[in-house]
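K.L.:
Chains as they are written, first to last, in our numbering: chain Y, 3 to 158; chain Z, 1445 to 1589.
1) Decide if residue 1557 of chain Z is buried, meaning its Cβ has at least 16 other Cβ atoms within 10 Å, or exposed.
2) Give every residue of the same chain whose Cβ lies closer than 8 Å to the Cβ of residue 1580 of chain Z, excluding the five residues on either side of it in the sequence, and list them in chain order.
3) Just verifying my parser: in three-state terms, what is the DSSP assignment at residue 1509 of chain Z?
4) The alpha helix (DSSP H) that contains residue 96 of chain Y, what's its start and end?
5) In terms of residue numbering, what span does the beta strand (DSSP E) encompassing residue 133 of chain Y cover?
6) Listing by chain order, which chain Y residues have their CB less than 8 Å from the CB of residue 1572 of chain Z?
7) Would you kindly report the start and end of the unbroken alpha helix (DSSP H) that includes residue 1522 of chain Z?
8) My output table needs one value for residue 1564 of chain Z: the three-state DSSP class, helix, strand or coil.
9) On a CA-only basis, which of Y:24, Y:141 and Y:22 is nearest residue 85 of chain Y? Give me that one, please.
10) Quick one: any contact between the segment 1565-1579 of chain Z and the segment 59-69 of chain Y, if contact means 3 or more CB pairs under 8 Å?
11) Taking the CB atoms as reference points, tell me whether residue 119 of chain Y and residue 143 of chain Y lie closer together than 8 Å.
12) Under 8 Å between beta-carbons, which chain Y residues line up against residue 1474 of chain Z? List them in chain order, please.
13) Looking at chain Y, which residues of the segment 1451-1464 of chain Z have a Cβ within less than 8 Å of any of its Cβ atoms?
14) How would you call residue 1534 of chain Z, buried or exposed, if buried means at least 16 neighbouring beta carbons within 10 angstroms?
15) Name, please, each residue of chain Z whose Cβ falls closer than 7 Å to the Cβ of residue 117 of chain Y.
16) With a CB to CB cut of under 7 Å and the five nearest residues on each side skipped, what residues in its chain are close to residue 107 of chain Y?
17) Is there at least one non-hydrogen atom of the ligand ZN closer than 7 Å to the beta-carbon of residue 1547 of chain Z?
18) Just the C-alpha distance for residue 1472 of chain Z and residue 32 of chain Y, rounded to the nearest angstrom, thanks.
19) Can you pull the chain Y residues whose beta carbon is under 7 Å from the beta carbon of residue 1468 of chain Z, in chain order?
20) Just how far apart, CA to CA, sit residue 91 of chain Y and residue 97 of chain Y?
21) Step through the CB atoms of chain Y and report whether any lies within less than 8 Å of the CB of residue 1587 of chain Z.
22) Kindly say whether residue 1535 of chain Z, judged by its beta-carbon, lies nearer than 8 Å to any beta-carbon of chain Y.
23) Chain Z beta carbons: is any one of them nearer than 8 Å to that of residue 31 of chain Y?
24) With DSSP collapsed to three states, give me the class of residue 53 of chain Y.
25) Kindly indicate the opening and closing residues of the beta strand (DSSP E) around residue 1546 of chain Z.
26) How many Å lie between residue 102 of chain Y and residue 51 of chain Y at the Cα?
27) Which of helix, strand or coil does DSSP assign to residue 108 of chain Y?
28) Can you grab the Cα-Cα spacing for the pair residue 24 of chain Y / residue 56 of chain Y, in whole Å?
29) For the segment 1496-1513 of chain Z, which residues have a beta carbon sitting closer than 7 Å to at least one beta carbon of chain B?
30) Using the C-alpha atoms, what's the distance from residue 1461 of chain Z back to residue 135 of chain Y?
31) Should residue 1484 of chain Z be flagged as near chain Y, meaning a C-beta pair shorter than 8 Å?
32) So, does the CB of residue 1558 of chain Z fall closer than 8 Å to a CB anywhere in chain Y?
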């Protein structure tokens, strides 16, 4: 009789708290897995964005270097004050600057202390997303006649 | 235990597991692609630096020659093409450099040459080389540096 009572007790349905526990456990595991997936997606997105930003930075460097070459082509054999931003060929500028970037400004820098053999030009580029990038293009200059003789350093 | 509860629990867990596995597989592919893209970007950067060094060295050697004064763009193109690993001398024609890198040298104006490097359509870099900047004709000034 006692054995039959124990057998009946084992066959009886589990209490509802046990069913709730299993469902809760599954929901919790699902939540954890979803959170992990979300984190992984964020990681991939951040990696992609960092790579794109690095590429934009390198393209801006290319733009500054190319502008240095264009300015050397224009300025060597001339005086710094002869530089006129409007006289730079838009076609050549578009060849030198990466897509979406534009020449914002050119400004000669006064050298401190005054060095007649060097002329430094501050270049500002504006990017497609409104970002700005500045660089310094340094030219060699003849102290005698003030003519620009060479490109010393491009970008910065 | 209620059968419906078990079914719902199994369903929730299975969906979450499948979604997570899918995302992790995508993440693996993305990270692998990112590593490859990073390596490609570095290759382009190295190739640009190497090309600049080749042009600088070549311009130093040939800055007083007739070609440097008469047709500096031709000299620059030749230096850039000779400096490529493929050795293709066809100016303006893209050539295969190392791996999937494409290299194109174009004369954009007298005394001005453009080097364009592309890696499988993913990254593109370009640099201009001007005769005046490299002092190719002594009357135009000295070399860079």
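Think of the CB as a built atom: it goes at the ideal place given N, C-alpha and C, for glycine as much as any other residue. Keep in mind the model is a prediction, meaning the values are calculated, not measured.
P.N.:
Result, derived from the coordinates:
1) Residue 1557 of chain Z sits at position 113 when you count from the first residue of the second chain. Residue 1557 of chain Z comes out buried.
2) Looking up residue 1580 of chain Z in the second chain gives position 136. Closer than 8 Å at Cβ, skipping near neighbours: 1503, 1506, 1507, 1512, 1513, 1516, 1519, 1520 and 1555.
3) Looking up residue 1509 of chain Z in the second chain gives position 65. Of the three classes helix, strand and coil, the one that applies to residue 1509 of chain Z here is coil, per DSSP.
4) By 1-based counting over the first chain, the position of residue 96 of chain Y is 94. Counting along the chain, the alpha helix (DSSP H) containing residue 96 of chain Y begins and ends at 92-98.
5) Position 131 of the first chain, counted from the start, is the residue given in the question as residue 133 of chain Y. Run containing residue 133 of chain Y: none; DSSP gives neither H nor E here.
6) If you number the second chain from 1, residue 1572 of chain Z lands on position 128. Correct list: 67, 68, 71, 72, 97 and 98.
7) Numbered from 1 along the second chain, position 78 holds the residue referred to as residue 1522 of chain Z. That run of the alpha helix (DSSP H) goes 1516-1526.
8) Here the question's residue 1564 of chain Z lines up with position 120 in the second chain. Coil at residue 1564 of chain Z, not helix or strand.
9) On the first chain, position 83 is the one that residue 85 of chain Y refers to. Closest by alpha carbon: Y:141.
10) yes
11) Position 117 of the first chain holds residue 119 of chain Y. Position 141 of the first chain holds residue 143 of chain Y. Contact: yes.
12) Within the second chain, the letter at position 30 stands for residue 1474 of chain Z. Those are 46, 49 and 50, listed as they occur along chain Y.
13) 1452, 1453, 1454, 1456, 1457, 1459, 1460, 1461, 1463 and 1464
14) As a first step, residue 1534 of chain Z is located in the second chain; it is residue number 90 there, counting from the start. Here the model assigns residue 1534 of chain Z a pLDDT of 41, short of 50, so the residue's position is not dependable, and the following value carries that caveat. Residue 1534 of chain Z comes out exposed.
15) The residue you call residue 117 of chain Y lines up with position 115 of the first chain. Those do not exist, as residue 117 of chain Y stays about 16 Å from chain Z at its closest Cβ, beyond 7 Å.
16) Within the first chain, the letter at position 105 stands for residue 107 of chain Y. Contacts found: 126.
17) As presented, the structure is devoid of all ligands, the ligand ZN included, so that no description of it is given.
18) To locate residue 1472 of chain Z, count along the second chain from 1; it is residue 28. To locate residue 32 of chain Y, count along the first chain from 1; it is residue 30. Their backbone Cα atoms lie some 21 Å apart in a straight line.
19) In the second chain, counting from the first residue as 1, residue 1468 of chain Z sits at position 24. Chain Y residues near residue 1468 of chain Z: 42.
20) Residue numbering aside, residue 91 of chain Y sits at position 89 when the first chain is read from its first letter. Residue numbering aside, residue 97 of chain Y sits at position 95 when the first chain is read from its first letter. Looking at the two C-alpha atoms, the distance is approximately 10 Å.
21) As a first step, residue 1587 of chain Z is located in the second chain; it is residue number 143 there, counting from the start. For residue 1587 of chain Z, the predicted structure reports a pLDDT of 44, less than 50, and the residue's modelled location is therefore unreliable. The matter cannot be settled from this model.
22) Locating residue 1535 of chain Z in the second chain gives position 91, where the first residue counts as 1. The predicted model places residue 1535 of chain Z with a pLDDT of 46, which falls under 50 and marks its position as unreliable, so this point remains unresolved.
23) Against the first chain, residue 31 of chain Y aligns to sequence position 29. Taking Cβ atoms only, chain Z reaches closer than 8 Å to residue 31 of chain Y, which makes this a yes.
24) For this step, residue 53 of chain Y is matched to residue 51 along the first chain. Reduced to three states, the DSSP call for residue 53 of chain Y is helix.
25) Within the second chain, residue 1546 of chain Z is the residue found at index 102, counting from 1. Its beta strand (DSSP E) spans residues 1545-1553.
26) Here residue 102 of chain Y refers to the residue found at position 100 of the first chain. Here residue 51 of chain Y refers to the residue found at position 49 of the first chain. Looking at the two C-alpha atoms, the distance is approximately 18 Å.
27) Within the first chain, numbered from 1, the residue matching residue 108 of chain Y stands at position 106. Note: residue 108 of chain Y maps to strand in three-state DSSP.
28) The residue labelled residue 24 of chain Y in the question sits at position 22 within the first chain. The residue labelled residue 56 of chain Y in the question sits at position 54 within the first chain. Distance between the alpha carbons of residue 24 of chain Y and residue 56 of chain Y is about 48 Å.
29) You won't find chain B in this structure, because its protein chains are Y and Z.
30) By one-based count along the first chain, residue 135 of chain Y stands at place 133. By one-based count along the second chain, residue 1461 of chain Z stands at place 17. Near 46 Å, if we compare the C-alpha coordinates of residue 1461 of chain Z and residue 135 of chain Y.
31) One-based indexing of the second chain puts residue 1484 of chain Z at position 40. No, residue 1484 of chain Z does not count as interfacial toward chain Y.
32) Sequence index remark: in the second chain, residue 1558 of chain Z carries index 114 (1-based). So, interface residue.
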